[in-house]
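For the sequence shown, the working numbering gives the first residue as 439, with consecutive numbering after it.
Remarks on the structure that follows.
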Amino acid sequence: MPFFKFATWNVRGFRDKAKQREILSFAQTEDIDILFVQEANFRSPLDVVTFRRDFHVDAFFSLTNSRACGVGVIFVSGRFRQKSFCTFGADGRMLMLDVYIDGKKIRFVNLYAPVTRSNTNAFYKELHELLLEPFPHVLLGDFNCVVDSQRDVRGPGRGRSTYQAKELVKTLRHLNLTDTWVHLHGDHFAPTRTSKTTASRIDRTYLPDYLLPAVVSCEVLALPSDLVGKSDHLPLATTVRGSPGPRNCNISWRLDPTLLQDEDCVQRVRDRILESLGNAPQITPHAWDTLKESWKRLLQEEGRARKRRLSAQMDEILRRMRIIRGAETLTSCTRDYLDSLEIAYTRLLRLQTRRPTKAQDPPDDTTNLDPREKAVERAHLATARTRRLDLTLREKALAAKTSICAFANYASRVAVMPAKTASQLNKMISSLLWDDKPAPVKRNLLQLPEGEGGLGLPHVTTISRVLALKTVRFLHQASDFYGKGLLLYWSSTNTKYLDADRQPGPLAEFPSPFYKTAANTKRMLDKEAACCDIDKDPPVRIAETITRNQLSADESRKTKTWRRKKGNQSRGLPREVHDFMWKKNWKVLPSKQRLHKFGIVPSARCPNCRTEESAEHALFECTAAKPVWRLVAKDFGIRLPPAHGRNRGAFARLVIACTLFVIWKRRCVAVAKKTPVRAAYPAVSRIRRLLWSHLSEELEAGGEEKFLRRWHTKFFFVKDGKLSLPIIPY
């Protein structure tokens, strides 16, 4: 009986001609029919064409600009090339090959998973969404993780957590896939990758239950002397019983249901069927059989045409992505365009690999929807776009309210936000605000309005529940709403939140989750925000009131102090100074004393004077700060610390804020260079440049009249619509 032998191998680079020749010779010696390779690193279609021409073999390779990426498949013997079809992933880490074995189509998925552990689960989750077609799948390649570290690892990593393989395990269970090596050899260990300290079995092959009885062998191949050292991986070969190609006797055929979900295909098929019926003779059994044969050919042709259209669109998108990724630098516009191309490619890939819809499928299955239509995915895209911009904390908070949480809040009008979604949104917002670092201020303080020291950040769960309550009350109070009776029915006995009497008719035994959430929110507001008008007050004001009432006594005192003394200090300041002043007012600047308290730095000494450094010391008492204050006070006529708080006027506040900012920045330079930075005149020069730049922008933005009303002072004047002042940098 004929056999089919295939192998997977991370070759660690496949562009060298000599290495290509040696690997192909080795594969032919081992009687391998199909070789799946990882880290091929092919960059352009020319590389693929040259390889095929030089070695007279058929092959497919994903193209990538990354240094260590790219997967490929080589038909070494050519026996199983007949009617095979290949599809690539957008990131160059996945290749899907359809092969016929004993007349049955089987999809081989060649993987090269990300090395970074934080990206592994996301990669396998996206992969799971693509493996939906109802035929057997074979997963093989470099998985860069193990599902059992006790069995598959030798060295320091043995017995450690396998959390990064969580999504892979879900995929294997869903597709009923079995590790071929474990199926044949049990717990016997044979590493496929070795390093100085660790040996592991990260290269594996998973077969479906359909193929397990046909498995003959699974072995780790020993490399010849000319290939030793050219890769830290060993090839894993699997042999199964089976003959190539589809069976000629297999005349069964069924309609592809995906045709009925494509509007263009449906229209073309309808027109041609109507045309055939119009031209058909009188219906007889023979004529009916002829019509059925013609319709079968029609549907087969349309299915092939649909596949060709999708493949052409995917090839065009890949071509554009290669052009953009080949640029030396990417602008914000080109990055957005590249993101949109990746989304479009993933959507087409899902359309090509989707599972035919069944009657019992859940109506809310979102597997094949555009990722931009999902609240969390849209929030991810908005967060990625926001990260590319240089924004202050207030601007980031505004982006969170108006962009990141926008679609989730929109959907909260008609559905209950899952706790997992709310948690993901909160993590995204926190990561955006603090650049993936711990938040220096409690989250509830950030939800306060800006006048009380907060950022006006939304509490995702509270906002969604308040929106649900406002929607239900608005519908109940609307005189032309025809579904009021149904609303009361699903509310069951919980009608107090509507300020309505109990309905005398039938009621639901269990209230709908949406209306139950609205009722619970009303009870919470009656307790935490009794002064709010639910129907008139905006949801943000209601959430701020709830947060304000939940503050501790110490936090309430801080917010009152901020509102009384510090609320106007950030007005009219340069953008780069906003975040610094906000952190200074909350007393969370990362001074050496504060960092040493949390165990982040070994010493609390000041980088300029070697005494213990607090924020007050660095800004006012340090030997590097005092000369700067004396020069600034002399030049601008302001009071020296500690009397600087008695300075009045917008210009004096601007000078003080810029001076504090420059002193702190120079202190940070001293920390980075590990050497004192004490020169005062360069600091004063930078303060003057900062003032000049900010005042020039204010004049250009507001006009001369508005500018003079706010900034009238003896230190500068406006002449011919331009700023003139004696503040000239050294």
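Glycine included, each C-beta is placed from N, C-alpha and C at the ideal position.
According to DSSP, is residue i part of a helix, a strand, or is it coil?
i     : result
Y644  : strand
W447  : strand
V607  : helix
L787  : helix
A675  : strand
W538  : A small fix is needed here, since residue 538 is Tyr in this sequence, not Trp. Strand, per DSSP.
M532  : strand
T632  : strand
K1160 : strand
K812  : coil
L1092 : helix
D828  : coil
F452  : coil
E657  : strand
N548  : strand
F442  : strand
P951  : helix
A637  : strand
K858  : helix
R592  : strand
K934  : helix
L1057 : helix
P876  : coil
P944  : coil
P651  : helix
K668  : coil
K1112 : coil
K543  : strand
Can residue i and residue j be called in contact, C-beta distance under 7 Å?
i     : j     : result
L568  : H575  : no
L779  : M759  : yes
G530  : T554  : no
P887  : E982  : yes
D496  : S681  : no
H897  : Q885  : yes
R710  : L736  : yes
G579  : N548  : yes
P1012 : H1132 : yes
F526  : S500  : yes
C656  : W619  : yes
I470  : V514  : yes
S994  : S1029 : no
F493  : L462  : yes
L645  : T609  : no
L606  : D641  : no
Which first and last residues belong to the beta strand (DSSP E) in which residue i is found?
i    : result
H575 : 575-580
Where does the unbroken alpha helix (DSSP H) through residue i begin, and where does it stop?
i     : result
S902  : 898-915
D617  : Looking at the DSSP string, D617 is not in any alpha helix (DSSP H); the run it does join, the beta strand (DSSP E), is 615-617.
R979  : 977-987
P1065 : 1064-1074
P929  : The question names Pro, but residue 929 in the sequence shown is Ser. Start and end: 922-929.
M1019 : 1013-1023
A846  : 844-849
R1116 : Run containing R1116: none; DSSP gives neither H nor E here.
Y562  : 555-568
R692  : First-last for R692: undefined, no H or E at that position.
A991  : 991-999
R598  : Taken as a continuous stretch (DSSP letters only), R598 belongs to no alpha helix (DSSP H), as it is neither H nor E.
R881  : 881-884
Any chance the CB of residue i is under 6 Å from a heavy atom of the ligand ATP?
i    : result
D828 : The ligand ATP is absent from the structure shown, which contains no ligands of any kind.
**OP:** Just list the beta strand (DSSP E) runs in the region 709-735, keeping only unbroken ones of 3 residues or longer that don't cross its boundaries, in chain order.
**Re:** Runs found: none.
Subject >> Continuous beta strand (DSSP E) assignments of at least 3 residues falling wholly in the region 1119-1157 >> reply: 1155-1157, all fully within the region 1119-1157.
**OP:** Jot down the residue ranges of each uninterrupted beta strand (DSSP E) in the region 459-528, minimum 3 residues, whole runs only, in chain order.
**Re:** Assignment of beta strand (DSSP E) within the region 459-528, counting only whole runs of 3 or more residues, yields 472-476, 496-499, 509-513, 523-526 in chain order.
Original post:
Do the region 1087-1105 and the region 1055-1068 meet, that is, are 3 or more Cβ pairs less than 8 Å apart?
Top reply: Judged by Cβ distances under 8 Å, the region 1087-1105 makes contact with the region 1055-1068, as three or more pairs qualify.
**OP:** Jot down the residue ranges of each uninterrupted alpha helix (DSSP H) in the region 1029-1055, minimum 4 residues, whole runs only, in chain order.
**Re:** Positions of the alpha helix (DSSP H) runs, each at least 4 residues long and wholly inside the region 1029-1055, are given as 1030-1035 in order along the chain.
Original post:
Three or more C-beta pairs closer than 8 Å, one from the region 852-861 and one from the region 889-908: is that the case here?
Top reply: Verdict: yes, contact present.
**OP:** Say whether the region 659-672 touches the region 445-456, bearing in mind that this needs 3 or more beta-carbon pairs closer than 8 Å, one atom from each stretch.
**Re:** The region 659-672, when compared against the region 445-456, does touch it at the 8 Å Cβ threshold.
Subject >> Contact the region 952-959 vs the region 927-934: 3+ CB pairs below 8 Å >> reply: Yes, the region 952-959 touches the region 927-934.
Original post:
When the Cβ atoms of the region 868-877 are set against those of the region 908-923, are three or more pairs found closer than 8 Å?
Top reply: Between the region 868-877 and the region 908-923, the count of Cβ pairs shorter than 8 Å is below three; the stretches do not touch.
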